[in-house]
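One structure is given here, and the rest of the page talks about it.
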Amino acid sequence: MKIPENQTIQELFEWRFERTPKSVAHKFLDRETTYEELNIYSNQIANGLISLGCKPDSRIAFYGKNSDYFFEFLIGTLKSNTVAVGVNWRLAPPEVSYVLNDSKSEVLFVGEEFYPIIDQILEDLPNVKKVIAVDGNHTKYEDFISWRDSQDSSSTGLKSSDQDDILQLYTSGTTGHPKGVQLTNRNFAAANESIDGIVPFEEGTTNLVCMPGYHVAGTNWGIWGYIFGCRNIIIADIDPGLILELIEQEKIRSTLFVPAVILFLISHPNALTTDFSSLNFVLYGASPIADDTIIKAKEIMQCDLYQVYGLTETTGAITIMMPEDHDPKKGKLRSCGKALKGVELKVVDENGNDLKTGEIGEVISKSDLNMKGYWNKPDATKESIVDGWFYSGDAGFFDDEGYLFIHDRVKDMIVSGGENIYPAEVENALMSHDEILDAAVVGVPDEKWGESVKGFVVTGEGSSLSDDEIISYTRTQIAAYKCPKSIEFIKELPRNPSGKILRRELRDPYWEGIDRKVSGN
3 MKIPENQTIQ ELFEWRFERT PKSVAHKFLD RETTYEELNI YSNQIANGLI
53 SLGCKPDSRI AFYGKNSDYF FEFLIGTLKS NTVAVGVNWR LAPPEVSYVL
103 NDSKSEVLFV GEEFYPIIDQ ILEDLPNVKK VIAVDGNHTK YEDFISWRDS
153 QDSSSTGLKS SDQDDILQLY TSGTTGHPKG VQLTNRNFAA ANESIDGIVP
203 FEEGTTNLVC MPGYHVAGTN WGIWGYIFGC RNIIIADIDP GLILELIEQE
253 KIRSTLFVPA VILFLISHPN ALTTDFSSLN FVLYGASPIA DDTIIKAKEI
303 MQCDLYQVYG LTETTGAITI MMPEDHDPKK GKLRSCGKAL KGVELKVVDE
353 NGNDLKTGEI GEVISKSDLN MKGYWNKPDA TKESIVDGWF YSGDAGFFDD
403 EGYLFIHDRV KDMIVSGGEN IYPAEVENAL MSHDEILDAA VVGVPDEKWG
453 ESVKGFVVTG EGSSLSDDEI ISYTRTQIAA YKCPKSIEFI KELPRNPSGK
503 ILRRELRDPY WEGIDRKVSG N
């Protein structure tokens, strides 16, 4: 199914509501909503925001887990020409305050689990003029359903332009405060166009939405599911057992996971007895994945896999690796594929010069997917976007067939004895061992070399691998100077909500009281 071209996301939703009004738009718990009802509910939210005095470009925040109400809210902000702000619900109270104050959010929708945090910080939120309790049951905040249903259900009649902000998401902030990424109508329309005809959504089929809405992957996947006319099953949390049940019971055809979720699912005791026959494809990305995990996932799920690479600042995916490239014989499993439609990619050195095939440098991209900028941070925007090219901060290279391989964050590079070591290369070597399920490496202080490589590994149940055996094995895979000098066995790697390894948490204890000479992300 081809979606209309050169339309704003607002216009694409209007097209969808007219095309399949009686079809089910989404299901959450026991609540099912048709596209016609979703249109009405989002109209009511839009009119409610306008009645509160929210002008176009005002920021409106949502602080809660995934639900049908989140997407009503998101479409309602579109229709009122306000800007949705996704708040990471894993943040500590001071961090929540920072996001709400930095964004100058005027209305706050909050889920029941987080009422106590807002109670605690509300006096520190001078811009918030109304708090709406998404799940009701609060003595001071207005009940969402009562508030929504008391509003006018007719269209606002407002139109938006390509360059209007529609969503502001905050980067994970592994260093300093997170930055607000301004994403526009054009960004999201381009995201739809980039995958149309490539990722095989089908109107009327069932799509699972499980990644958090405050992350670009969760928001994008929800928007795509609606625009392409799917019946979207929404869940609040990543629950492997529930996901396996839903795949079988709801006949899930499509979904998006981060690699950690794929590993959770195929390791679950019910994975081998789950009926995956409805599952047509899984799109995955956001962090490295072991070859063995990919191969095992294909064997168990018996579906097509698409890998993508991108960032919040690029409205999500800018590359894609197709199902046929997941054949281990092709040698592309460590790749993230090729550029999507409309995306230009380069790998450059520190002076911005193009590098040759196989040479590692910073990945930069140019497309309509690139963010407008960082909210109220013009200097940071100028550093990241130069002549239309977004500098990702990721180190990578192209092979001789034009496939992009991501090595790591530039700032995570380990410098040992003057040699540059990219953690992902070492991690790939570690994870190629049959008994290692997950791995991360960081640079730790070394009196002789400045830094040395330390590995953290998660092994399978019953494994008796020793650190010496692991180090010896990596020497058969990569150059000796890149190999870990020490190994620590841990049960689980720390990751942020999008699945990226939080190397800083692993690294910082080793650098306490030491004047670092290497930056860390």
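Just so we're aligned, residue 3 is where the sequence shown starts under the numbering used here, counting upward by one.
Glycine included, every Cβ here is placed at the ideal spot set by N, Cα and C.
Assign residue i to one of two classes, buried (16 or more other C-beta atoms within 10 Å of its C-beta) or exposed (fewer than that).
{"i": "E429", "result": "buried"}
{"i": "T177", "result": "Because the pLDDT at T177 is just 46, under 50, the model does not fix this residue reliably, and the value given afterwards should be weighed accordingly. Exposed, by the Cβ-count rule."}
{"i": "R255", "result": "buried"}
{"i": "N355", "result": "exposed"}
{"i": "S82", "result": "buried"}
{"i": "A426", "result": "buried"}
{"i": "Q184", "result": "buried"}
{"i": "H179", "result": "exposed"}
{"i": "I320", "result": "buried"}
{"i": "A200", "result": "Note that residue 200 is Ile in the sequence shown here, rather than Ala. I200 comes out exposed."}
{"i": "K456", "result": "buried"}
{"i": "K142", "result": "exposed"}
{"i": "T359", "result": "exposed"}
{"i": "D396", "result": "buried"}
{"i": "Y172", "result": "buried"}
{"i": "D510", "result": "exposed"}
{"i": "G333", "result": "exposed"}
By the three-class DSSP mapping on this structure, what secondary structure does residue i have?
{"i": "P325", "result": "helix"}
{"i": "K298", "result": "helix"}
{"i": "F72", "result": "helix"}
{"i": "F230", "result": "coil"}
{"i": "P447", "result": "strand"}
{"i": "F399", "result": "strand"}
{"i": "T276", "result": "coil"}
{"i": "G175", "result": "Reliability of the predicted coordinates at G175 is poor, the pLDDT of 47 falling under 50, and the value obtained from them is presented with this limitation in mind. Three-state result, G175: coil."}
{"i": "V89", "result": "coil"}
{"i": "Q9", "result": "coil"}
{"i": "W513", "result": "helix"}
{"i": "D164", "result": "coil"}
{"i": "F203", "result": "coil"}
{"i": "N45", "result": "helix"}
{"i": "W391", "result": "strand"}
{"i": "A319", "result": "strand"}
{"i": "G333", "result": "coil"}
{"i": "T208", "result": "strand"}
{"i": "K343", "result": "coil"}
{"i": "R497", "result": "strand"}
{"i": "G243", "result": "helix"}
{"i": "E385", "result": "helix"}
{"i": "Y143", "result": "coil"}
Give me, in chain order, the residues of the same chain whose beta-carbon lies closer than 8 Å to that of residue i; leave out the 5 immediate sequence neighbours on both sides.
{"i": "I237", "result": "F30, N68, L210, V211, C212, L244, I245, L248"}
{"i": "G113", "result": "Y65, G66, K67, S69, W91, V136, D137"}
{"i": "A273", "result": "L246, L267, I302"}
{"i": "G339", "result": "Q309, V310, Y311, T321, I322, M323, M324, D327, Y405, L406"}
{"i": "C305", "result": "F278, L281, N282, F283, V284"}
{"i": "N545", "result": "With the chain covering 3 to 523 only, the question about residue 545 has no answer from this structure."}
{"i": "P23", "result": "T36, Y37, E38, N41"}
If I measure Cβ to Cβ from residue i and keep anything under 7 Å in the same chain, skipping five residues before and after, which residues do I get?
{"i": "E20", "result": "none"}
{"i": "V520", "result": "Here V520 scores only 34 on pLDDT, less than 50, and its place in the model is too uncertain to base an answer on."}
{"i": "A431", "result": "T476, Q479, I480"}
{"i": "R18", "result": "Y37, Y228, I229, G231"}
{"i": "T276", "result": "L246, I249, E250"}
{"i": "S465", "result": "E437"}
Would residue i and residue j be called neighbours here (beta carbons separated by less than 8 Å)?
{"i": "L1", "j": "Y286", "result": "Since the displayed the chain opens at 3 and closes at 523, residue 1 lies outside it and no answer follows."}
{"i": "E7", "j": "E195", "result": "yes"}
{"i": "Y483", "j": "E421", "result": "yes"}
{"i": "R33", "j": "E108", "result": "no"}
{"i": "R233", "j": "S25", "result": "yes"}
{"i": "T295", "j": "N372", "result": "no"}
{"i": "N263", "j": "I291", "result": "Before going further, note that residue 263 is Val rather than Asn in the sequence given. Cβ atoms of V263 and I291: not closer than 8 Å."}
{"i": "G344", "j": "S367", "result": "no"}
{"i": "L110", "j": "V133", "result": "yes"}
{"i": "I473", "j": "I489", "result": "yes"}
{"i": "V260", "j": "G88", "result": "no"}
{"i": "I77", "j": "L127", "result": "no"}
{"i": "L467", "j": "E437", "result": "yes"}
CB-CB under 6 Å to residue i, same chain, minus the five flanking residues each way: which ones, in chain order?
{"i": "G153", "result": "For the sequence presented, residue 153 should be read as Gln rather than Gly. Result list for Q153: Q46, N49, G50, in chain order."}
{"i": "N187", "result": "T10, I11, S162, D164, D166, I168"}
{"i": "L439", "result": "V460, G462"}
{"i": "L265", "result": "T295"}
{"i": "P496", "result": "L504, E507"}
{"i": "T221", "result": "G215"}
Practice item. Mind the definition here: the region 370-387 touches the region 398-415 only if three or more C-beta pairs lie below 8 Å; say whether that holds. Key: no
Check your understanding: Are the region 143-151 and the region 46-65 in contact at 8 Å, needing three or more beta carbon pairs?
Key -> yes
Check your understanding: How do the region 92-104 and the region 48-59 stand: do at least 3 beta-carbon pairs fall below 8 Å, yes or no?
Key -> With a cut-off of 8 Å on Cβ pairs, the region 92-104 is not in contact with the region 48-59, counting fewer than three such pairs.
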